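A.B. asks: Quick note, the sequence shown lines up with residues -18 to -1, 1 to 724 if you use mature numbering (1 follows the signal peptide of the UniProt record, and there is no 0). Ideal Cβ placement from N, Cα and C applies to all residues, glycine included. The structure displayed is predicted, hence computed values, not measured ones. Before we start, here is the structure in question, set down as C-alpha cells.
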Amino acid sequence: MKVLCMLQLACLVGFSAARTREWAHHGAPMFADLTVPEMKAIRSYLHSIPEMKLTDARSKTLKKNSILLMELHLPKKHEALRSLDRGQAKPPRQARVIVQFGNQNPPNITEYIVGPLPYPRSHEVRTFKGNKPVQFESRPITGVEYDHIENLLQKIGAQAYKLLFETTGGFSYTNCSNRCLTFSDIAPRGLAPGERRTWIMLQKFVEGYFIHPIGFEVLVNHRDLDPEKWTVEKVWYNSMYFDSVEELVEKYESGEVEKLKLPDHNDDDLYSTYIPRGHSHTPTNVHGPKLVEPQGHRYAIDRNFVEYAGWSFAYRVRSSAGLQVFDLRFNGERIAYEISLQEAIAFYAGDTPAAMQTKYIDAGWAMGTSTYELAPGIDCPEIATFVDLYHYFDTDKPTHHKNALCIFEMTTAMPLRRHFNSNFQGGYNFFGGLENTVLVLRTTSTVYNYDYIWDFLFYPNGVVEVKVSATGYIHATFFTPNGLHYGTKVYDYVLGNLHTHLIHYKVDLDIVGQDNSFETIDLKYVNFTNPWSPNHFIVQSKLHRTEHKTERSAAFRFGKKFPRYVHFYNPSEKNKWGHQKGYRIQFNSHAHSVLPKGWREEVGISWSRYPLAVTRHRDSEATSSSIFTQNDPWEPAVSFEDYIRNNENIVNQDLVAWVTVGFLHVPHSEDIPNTATPGNAVGFFLRPFNFFDEDPSLASKSTVIVRPGQDGKPKVQRWTPEVVGHCVTDKPFFYNGTYAGV
C-alpha cells in the first residue's frame, strides 16, 4: 500500500511539473515583441482613421501627424498569471503606439493602446500616472528633424568655411569629398520645459569621429516646426563665446580671435581606428580558444520561450528600453515575474558648453531599437543561436535587425564547486568537482558613441546574474586647460570627459507566490563572558534582521550605509529546515548619485537616488522612465519618486525591487581608441537564500568524484561520457591526487 501511494505521489508530481511547463510555454507569447504583420496591421488601422490625418513619418515636413513608435503593451499582471498559473486563455495582445500630432494647433504627443492583435479594430488614449501631460518639445529627435539640422549646419559651414578649413587642416562641412566634418548633438535640449535648444559640436568625419572634436560648437534653437525660423543663439570657438556665426567670422578675420590650427593626421594613421598597431607577442597564424558543443545545444528555444537546465523564461527586447525577461522559473517554480532594463544614463562634466550640457538619458533615444547585428566569434560565440529583431521607430515600415540577439551556453572555466580532501600523508581521501556552465541571453545597444552589452546569465544552482558591460567610444570634447578639472587629455586637443553611468532595472520577484516580504540583514558585535573561561570575554558578530514595512523604509539612498544582505522572502513558505524561502539581491556596482536631490535635471531621474527601492506592484507603475525624459527631465511624464511617495505597506505583498547599478568613468589614455570591457561591467545577482533544501545543482550529472582505490589507482566516478569529443580532447579524464617532496 505504501509503495502504491508513493507511486501515485510520483505520478502527481510528474503530471504537475509537465502541466506547469505547458502553462509557462502557453503563456510566453504574451510577452513576445510585436511581429512584422502586427506592426503593419497597426499602421494600416491607424492610417485608416480620417480624424487622425496620419502621413508618412519620413515625409520632409515637421508639421505632420505621424507614428513615432510602436511596441508591445504588456497585459496586466493578474490577467497574465491566469494564463501562466492556470492555463487559461491569454488576454488579447495589444500595442502601445506613440503618435506625434505636429499638424495641429497646438501640437501634441498622444499615446494609444491599440488592439486586439493581430487584427486591430479599436484604440484608446493611454495616460501616465497622475494624468501628466507630455510636452510636444519632449519628443525624441527624428530622422527628418536631423535632415533639417544638417541643412542648417551646411549653411553655418558655408559661413565659417575659411575658419573651419584653416582650423582643421583642410576639412569642411560642404564640398569636402573625403575631408568632411560631421556633428554630435547634445541633450537635454535646453534648460527648462518647452525648450528645444541643442548644443552641437563639429568633428572630423573619420573612423571614430567621436574623439575628433575641432573646438567649434553652436547652440541651435529648433523649437519651431518651420526650419526656416530656426536660429543660432550662441557659438563657442577656442574657449570664447559669440552671439552669432557672423560675429565669430568677423572677429576671426580681423584677428580679434586667436586662430586654432589642429595637427593633421594621415588617414592610415588615425588614432581612433581599430587597425592594429604596436608589436604583438601573440602568434598571428594560430587561432585562440573557441567554445564548442560536442553533442549540440543543451537548451531549447521556441520563439521567445527558452528552457535550460531547469530554467525557463520568456524574453522580449522593448524598443524604447531594451532586454527584458518574464516568468522566470527554476524547476517549475517562479522566481520572478519580470526582470527588465528600464533606463541607462551617462551624465558628463566639462569645460565646453557641449560638455557641460551632456546628460544622456538613453531611453529618449529609443535605446532598445539600437540593437544592431552581432558578430559571431566576437560579440557571441560562433556556436550561439542568433535571433533577428524587429522594431518600429521613426519609420514607415518595420526595421529588421539581423542576428541582433544571441543565446548560448558557455563554460566559465571556473568550477561551480570543488574540494580536494587531503589525507595529509601525500595522498587524498577524495576529490569532487562540478564544472560551471551557464546559459547567456545577450543583446547590445549602440547608443551613438557607447556600446552597452546586456547579459542575463542563468547558473545551474538557481542563481541569475544580470550584467551590463560598457565599451565603444568615449564622449570627448575639445581640450582646454581648465578641462583637466573634468577629465583627461587623451590626444592632441582631445579631452575625455568624466561621466557616471547608471543603469536601472525592475525586478518583480515572486517567491513561491506573490505575497512576499522584505528584510535587511546586517551584523552587530556582541560581547559576553566566555562560558568555558569566565575570566575572558567573547566578541563576535551576530545577525541583526530588520523587517521593512513601508516603501519609504525600503528606499535606500546613495551616500548612506547600505545593508549587507537584502532579502525577499515568503513569510508563509519554509524550506525543510524551517527557514522562510527567499532570494537575495547581491550588487556588483560602484554607483553613486549624479546630481543633488531635486536639482533641475535630477527630477527626471529620481530613481537614481536609490541603489535599491522596494515598492508594491502596481500595473500603473510599470516603468521608471519614459522616452520623453531625455528632452524634458524637469517635468517628467514618469516620476519614480511618485511610486514611493505614498509610502504603502510592503509586508506580505506583491513586491518590486528597483535596482540601480553603475560606475564612474574618468577616461584615460587606454580608452583610445575604445573603452574596453574588463573592469567596466556592473550588475547584480539574484541568489537563493534558503529557497531550496540544498544546492539544486546536485541534480547535475556533470559531477566528477575521484577516490583512491584499494590498488592505489584513482577510481573515477562520473555520470557523463568519459571522452568529451574529438573537437575538445580525445583523451579520457585522468586525475592523480598524490603529492610529495622533490
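Just to confirm the assignment: which complete alpha helix (DSSP H) runs, minimum length 4, are found wholly within the segment 67 to 138?
C.D. replies: none
A.B. asks: Look at the alpha carbon of R285 and the alpha carbon of Q339, and state the distance between them as a whole number of angstroms.
C.D. replies: As a working note, residue 285 is residue 303 in the sequence shown. As a working note, residue 339 is residue 357 in the sequence shown. Take the alpha-carbon of R285 and the one of Q339: they are about 42 Å apart.
A.B. asks: Return the CA-CA distance between K186 and C158, expressed in angstroms with no decimal places.
C.D. replies: Position 204 of the sequence shown holds residue 186. Position 176 of the sequence shown holds residue 158. Spanning the two alpha carbons is a distance of roughly 11 Å.
A.B. asks: Report all residues from its chain with a CB closer than 8 Å to the CB of V472; omit the five preceding and five following residues, and keep chain order.
C.D. replies: The residue you call residue 472 lines up with position 490 of the sequence shown. Correct list, in chain order: I193, I456, A458, G478, P649, H650, S651, D653, I654.
A.B. asks: Suppose you measure from the CA of A357 to the CA of H599; what does that come to, to the nearest Å?
C.D. replies: Within the sequence shown, numbered from 1, the residue matching residue 357 stands at position 375. Within the sequence shown, numbered from 1, the residue matching residue 599 stands at position 617. So the two alpha carbons sit approximately 38 Å from each other.
A.B. asks: Starting from the Cα of V307, find the closest Cα among E583, W436, P380 and give me that residue.
C.D. replies: Reading the sequence shown from its first residue, position 325 is the one you call residue 307. It is W436.
A.B. asks: Determine the direct distance from the alpha carbon of T597 to that of V217, and round the result to whole angstroms.
C.D. replies: Walking along the sequence shown from the start, residue 217 turns up at place 235. Walking along the sequence shown from the start, residue 597 turns up at place 615. Between V217 and T597, the C-alpha separation is close to 46 Å.
A.B. asks: Within 10 angstroms of its Cβ, does E189 collect 16 or more other Cβ (buried), or is it exposed?
C.D. replies: Counted from its first residue, the sequence shown places residue 189 at position 207. An exposed status is given to E189, since fewer than 16 other beta-carbon atoms sit within 10 Å of its beta-carbon.
A.B. asks: Of the choices I632, T702, V489, T377, whose alpha-carbon is the least far from that of L51?
C.D. replies: Translated into the one-based positions of the sequence shown, residue 51 becomes position 69. Each of I632, T702, V489, T377 was checked against the Cα of L51, and the nearest Cα belongs to T377.
A.B. asks: Would the segment 195 to 203 and the segment 318 to 336 be scored as touching if the rule is three or more Cβ pairs under 8 Å?
C.D. replies: yes
A.B. asks: Taking 6 Å as the limit between beta carbons, can you name the residues of its chain near residue 789, skipping five residues before and five after?
C.D. replies: With the chain running from -18 to 724 in the structure shown, residue 789 is simply not present.
A.B. asks: DSSP three-state call for V706: helix, strand or coil?
C.D. replies: Residue mapping note: residue 706 aligns to position 724 of the sequence shown, counting from 1. In this structure, V706 counts as coil in the three-state DSSP scheme.
A.B. asks: CB-CB under 6 Å to L184, same chain, minus the five flanking residues each way: which ones, in chain order?
C.D. replies: Indexing the sequence shown from 1 puts residue 184 at position 202. Within its own chain, the residues whose Cβ lies closer than 6 Å to the Cβ of L184, once the five positions on either side in sequence are excluded, are L163, F165, I196, F198, listed in chain order.
A.B. asks: For Y547, name the three-state secondary structure that DSSP assigns.
C.D. replies: Taking the sequence shown and counting its residues from 1, the one referred to as residue 547 is at position 565. Correct three-state label for Y547: strand.
A.B. asks: Okay, do the segment 476 to 494 and the segment 552 to 566 touch, 3+ Cβ pairs below 8 Å being the bar?
C.D. replies: yes
A.B. asks: If you draw a straight line from the C-alpha of Y290 to the C-alpha of A386, how long is it?
C.D. replies: Locating residue 290 in the sequence shown gives position 308, counting from the first residue. Locating residue 386 in the sequence shown gives position 404, counting from the first residue. One C-alpha to the other measures close to 21 Å.
A.B. asks: For the alpha helix (DSSP H) that contains D624, what are its first and last residues?
C.D. replies: Translated into the one-based positions of the sequence shown, residue 624 becomes position 642. Element bounds for D624: 623 to 627.
A.B. asks: Residues in its own chain within less than 8 Å of T685 by CB, not counting five upstream and five downstream?
C.D. replies: Looking up residue 685 in the sequence shown gives position 703. Once the five neighbours on either side are set aside, the close Cβ partners of T685 are G414, G415, L416, R700, W701.
A.B. asks: Excluding the five sequence neighbours on either side, which residues of its own chain have a C-beta within less than 8 Å of the C-beta of H130, listed in chain order?
C.D. replies: For the purposes of this step, residue 130 is taken as residue 148 along the sequence shown, with counting starting at 1. Hits under 8 Å: L44, H204, P209, W212.
A.B. asks: Can you give me the C-alpha to C-alpha distance between P276 and F312, rounded to a whole angstrom?
C.D. replies: Numbered from 1 along the sequence shown, position 294 holds the residue referred to as residue 276. Numbered from 1 along the sequence shown, position 330 holds the residue referred to as residue 312. When rounded, the distance between both Cα atoms is 25 Å.
A.B. asks: With a 10 Å radius around its C-beta and 16 neighbouring C-beta atoms as the bar for buried, classify T657 as buried or exposed.
C.D. replies: The residue you call residue 657 lines up with position 675 of the sequence shown. So T657 ends up on the buried side.
A.B. asks: Keeping to the same chain, check which residues put their C-beta closer than 7 Å to that of R75; ignore five residues upstream and five downstream.
C.D. replies: Here residue 75 refers to the residue found at position 93 when the sequence shown is read from its first residue. So the qualifying residues of the chain are G97, P98, L99.
A.B. asks: Can you name, in chain order, every residue of its own chain whose Cβ lies under 7 Å from the Cβ of A348, other than the five neighbours on each side?
C.D. replies: Taking the sequence shown and counting its residues from 1, the one referred to as residue 348 is at position 366. Spatial neighbours of A348 in its own chain (CB-CB distance under 7 Å, excluding positions within 5 residues in sequence) are listed in chain order as L51, P122, S301, S302, F375, I609.
A.B. asks: Please list the segments of the beta strand (DSSP E) lying wholly inside the segment 236 to 322, counting only runs of 3 or more residues, in order along the chain.
C.D. replies: Whole beta strand (DSSP E) segments, 3+ residues: 281 to 284, 287 to 290, 293 to 300, 304 to 312.
A.B. asks: Could you tell me which residues DSSP puts in a beta bridge with I567?
C.D. replies: Working through the sequence shown from its first residue, we reach residue 567 at position 585. DSSP, once it has assigned bridges, lists V548, L668 as partnering I567.
A.B. asks: Does DSSP put L(-12) in a helix, a strand or coil?
C.D. replies: Numbered from 1 along the sequence shown, position 7 holds the residue referred to as residue -12. Confidence at L(-12) is low in this model, with a pLDDT of 48, below 50, so its placement is unreliable and the value that follows should be read with caution. In the three-state scheme derived from DSSP, where H, G and I count as helix and E and B as strand, L(-12) is classed as helix.
A.B. asks: How about P678 and G444: are their beta carbons less than 8 Å apart?
C.D. replies: Within the sequence shown, residue 678 is the residue found at index 696, counting from 1. Within the sequence shown, residue 444 is the residue found at index 462, counting from 1. Result yes, Cβ atoms of P678 and G444 sit closer than 8 Å.
A.B. asks: Can you tell me where the alpha helix (DSSP H) holding residue 743 begins and where it ends?
C.D. replies: Only positions -18 to 724 of the chain appear in the structure, and residue 743 is not among them; the question remains open.
A.B. asks: With distances taken between CB atoms, is the gap from W640 to S606 smaller than 8 Å?
C.D. replies: Here residue 640 corresponds to residue number 658 of the sequence shown, with the count starting at 1. Here residue 606 corresponds to residue number 624 of the sequence shown, with the count starting at 1. Closer than 8 Å, so yes.
A.B. asks: How is Y234 classed by DSSP in three states: helix, strand or coil?
C.D. replies: Looking up residue 234 in the sequence shown gives position 252. The three-state secondary structure of Y234, taken from DSSP, is helix.
A.B. asks: Buried or exposed, going by whether 16 or more other CB atoms sit within 10 Å of the CB of W588?
C.D. replies: To locate residue 588, count along the sequence shown from 1; it is residue 606. For the record, residue 588 in the displayed sequence is Ser; it is not Trp. By the 10 Å Cβ count, S588 comes out buried.
A.B. asks: For the segment 365 to 373 against the segment 388 to 396, do three or more pairs of beta-carbon atoms, one drawn from each stretch, fall closer than 8 Å, so that the two count as touching?
C.D. replies: Two segments are said to touch when three or more pairs of C-beta atoms, one from each, lie closer than 8 Å; by this definition the segment 365 to 373 touches the segment 388 to 396.
A.B. asks: Note the first and the last residue of the continuous beta strand (DSSP E) segment covering T367.
C.D. replies: Here residue 367 refers to the residue found at position 385 of the sequence shown. Its beta strand (DSSP E) spans residues 367 to 375.
A.B. asks: Alpha carbon to alpha carbon, how far is V268 from L(-10)? Give it in angstroms, no decimals.
C.D. replies: The sequence position of residue -10 within the sequence shown is 9, counting from 1. The sequence position of residue 268 within the sequence shown is 286, counting from 1. For L(-10), the predicted model reports a pLDDT of 45, less than 50, meaning its position is unreliable; a value from the coordinates is still stated below. Just so you know, the alpha carbons of L(-10) and V268 end up roughly 57 Å apart.
A.B. asks: Can you look up E61 in the DSSP assignment and give me helix, strand or coil?
C.D. replies: Residue 61 sits at position 79 when you count from the first residue of the sequence shown. In the structure shown, E61 sits in a helix (DSSP, three-state: H, G or I).
A.B. asks: Have a look at F540, N431, R259, P593 and flag the residue whose alpha-carbon is nearest the alpha-carbon of H486.
C.D. replies: For this step, residue 486 is matched to residue 504 along the sequence shown. Of the listed residues, the one whose Cα sits closest to H486 is P593.
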